[in-house]
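See structure below.
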Amino acid sequence: KPCGIGLTVMETPPHCVTAISAGSSLNSPRNAHRVQRGDVLVAVDDELVADLSIGEIVKLVVGPEGTSLTLWLERGGDKSASFCHHERANEIRKDIENARRMRRDGVLDAAAYRNRVERCW
Numbered sequence: 001k002p003c004g005i006g007l008t009v010m011e012t013p014p015h016c017v018t019a020i021s022a023g024s025s026l027n028s029p030r031n032a033h034r035v036q037r038g039d040v041l042v043a044v045d046d047e048l049v050a051d052l053s054i055g056e057i058v059k060l061v062v063g064p065e066g067t068s069l070t071l072w073l074e075r076g077g078d079k080s081a082s083f084c085h086h087e088r089a090n091e092i093r094k095d096i097e098n099a100r101r102m103r104r105d106g107v108l109d110a111a112a113y114r115n116r117v118e119r120c121w
């Protein structure tokens, strides 16, 4: 089953982290220093993402459950880089299921649903 890591980023460059799923291990106190809202995603597994669409980034991040990836992030004005090795888990499934439920209930139209699911990884 395809899995993500529980991040939401801006669709357009710079791809800033806008949310970290509550169920994501990236949101735990142990990992709080690794990924924060406002961090800019620079690369996924050595692939630069600045010129990629959000759909292309999702393809880099989503993978089989239990596999790992490495994120390269920039934080703040000092452009400090941090690396985060993270195992893909089923956290993202909850976000996608919620979007599906909202679409089914008429809260999201088709375009908003596609946008939300595409950004949830």
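Counting along the sequence shown from 1, when you hit position 26 you're at 26 in the numbering used here, and nothing is skipped either side.
Beta carbons are placed, not taken as given, at the ideal position from N, Cα and C, and that holds for glycine.
(message) Which residue marks the beginning of the beta strand (DSSP E) containing I20, and which one marks its end?
(response) Walking along the sequence shown from the start, residue 20 turns up at place 20. Note, I20: beta strand (DSSP E), V17 to I20.
(request) Sort W72, M102, E65 and A112 by Cα distance to I5 and report the nearest one. (result) Reading the sequence shown from its first residue, position 5 is the one you call residue 5. Of the candidates W72, M102, E65 and A112, the one whose C-alpha sits nearest the C-alpha of I5 is E65.
(request) Check the DSSP bridge columns for G63 and list the partner residues they point to. (result) The residue labelled residue 63 in the question sits at position 63 within the sequence shown. DSSP output for G63 lists C3 as bridge partner(s).
(message) What would DSSP say about E11, mapped onto helix, strand or coil?
(response) Numbered from its first residue, the sequence shown carries residue 11 at position 11. E11 falls in the coil class under three-state DSSP.
(message) For the beta strand (DSSP E) containing L41, name the first residue and the last one.
(response) Position 41 of the sequence shown, counted from the first residue, corresponds to residue 41. That run of the beta strand (DSSP E) goes V40 to V44.
(request) Look up R103 in the DSSP assignment and say whether it is helix, strand or coil. (result) Here residue 103 corresponds to residue number 103 of the sequence shown, with the count starting at 1. Helix at R103.
(request) Count the other C-beta atoms from every protein chain shown that fall within 10 angstroms of the C-beta of D39, then say buried if there are 16 or more, exposed otherwise. (result) Locating residue 39 in the sequence shown gives position 39, where the first residue counts as 1. Looking at its Cβ environment, which holds 16 or more other Cβ atoms inside 10 Å, D39 is buried.
(message) Quick check on this structure: which residue in L48, I54 and P29 has the alpha carbon closest to the alpha carbon of T8?
(response) Counting from one through the sequence shown, the residue named residue 8 turns up at place 8. Closest option to T8, Cα to Cα, is I54.
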